[in-house]
Amino acid sequence: MALRAPAILGATAFFGSLSLLASLVEKDGKWQHRIAQRWARACVAASGGRLTVLHGERLKPQVAVYACNHLSYMDTPVIFSTLPFQFRIVARHDLWKLPFIGWHLERSGQVPVNVDNPRASIASLSSAVRTLKSGMPLFIFPEGGRTRDGHLAPFLNGPAFMAIRAQVPIVPMALIGTHELLPIHAGQLHAVPVTLVVGEPIETSGYSMKQVNELTARLYAAIADLYYGHTYLPRPAVESPVLQEATESHN
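Printed below as a string of structure tokens:
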């Protein structure tokens with residue numbers, strides 16, 4: 001058990017270095033993504049957690065926004081090890097400031113979003129929309145950060161904004177078990193089962209930008225149904241689906 005964290009750090013350093021080298025000779029990110037998938041599988045294997053995917057047949061190679069709850073640092077390896085196609089992650093811009101990690105994110109074509117500045121956030125999301133329109137699927141954690149208690153936090157409306165602008169579906173997903181596998185602020189991994197549940201795609205045709213919050217609430221409900229239908233935690237009697245309304249009026 002004590003060797004799990006060093007094994008994950010070692011895999012991150014090794015595969016991260018390979019990815020940076022690959023970025024020097026390719027432009028489409030295909031090899032970098034394959035390297036990321038191998039890194040992710042190594043991390044999941046080293047964690048000791050047994051991974052189960054429910055309704056994996058819904059993970060089709062289509063241009064869409066894939067959205068999932070965020071419980072742990074282990075969520076990203078689980079996602080990369082599971083989604084069977086190339087995609088890009090939309091993540092907080094702060095990560096781009098980190099040595100090594102930031103270099104990899106930039107050179108592999110991931111999309112930074114500044115959630116602290118509404119004007120910068122709109123510009124970032126517009127860049128993400130261009131990525132979708134180019135034919136590349138996107139993945140995002142709608143909560144904007146990891147949960148502290150295992151329950152869903154209110155969603156930012158970025159996923160709905162991107163999906164409506166690009167007129168692509170949103171695929172809701174729920175992770176169960178990574179909060180126990182590696183809790184926030186914990187330094188030790190616990191070998192527990194991990195489950196990824198894939199929901200039915202939510203079509204966005206017919207939605208306008210005035211319905212961003214409505215679509216966000218629908219996405220929250222879909223992920224909450226998947227999550228609380230498989231976790232031991234009771235679903236809260238009162239839920240607050242939408243955290244941010246800044247993009248609602250942008251046409």
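Just so we're aligned: 45 in UniProt numbering is position 45 of the sequence shown, and the numbers increase by one with no gaps anywhere. Virtual Cβ for every residue (Gly too), placed ideally from N, Cα, C.
- Taking the Cα of H33 as reference, the smallest distance to any Cα among R88, T231 and G10 is reached at R88.
- Using a C-beta cut-off of 8 Å, the stretch 39–50 makes contact with the stretch 3–20, since at least three inter-stretch Cβ pairs fall below that distance.
- In this structure, P154 and S240 form a Cβ contact; the two beta carbons are roughly 5 Å apart against a cut-off of 8 Å.
- For I164, the enclosing alpha helix (DSSP H) stretches over residues G158 to A166.
- Where F80 is concerned, there is no enclosing beta strand (DSSP E), although the alpha helix (DSSP H) around it starts and stops at D75 to T82.
- By the Cβ test, the stretch 47–59 is not in contact with the stretch 125–143, since fewer than three Cβ pairs between them sit closer than 8 Å.
- About 24 Å separates the beta carbon of L181 from that of S19, a gap too long to meet the 8 Å contact definition.
- With a cutoff of 9 Å on beta-carbon distance, R50 and V194 are scored as near each other.
- Between the alpha carbons of P234 and V25 lies a gap of roughly 50 Å.
- Under the three-state reduction of DSSP output, Y66 falls in the strand class.
- DSSP places I223 in the uninterrupted alpha helix (DSSP H) bounded by V212 to Y228.
- Secondary structure at V129: helix, using DSSP grouped into helix, strand and coil.
- When the Cα atoms are used, V113 and P142 turn out to be separated by approximately 12 Å.
- Residue state for P236 is assigned as coil, using DSSP reduced to three classes.
- Comparing alpha carbon positions, the residue from K133, E203 and A67 closest to F139 is A67.
- Remark: three or more beta-carbon pairs, one from each stretch, lie closer than 8 Å, so the stretch 164–179 and the stretch 202–218 are flagged as touching.
- Spanning the alpha carbons of V212 and M162 requires a straight line of approximately 9 Å.
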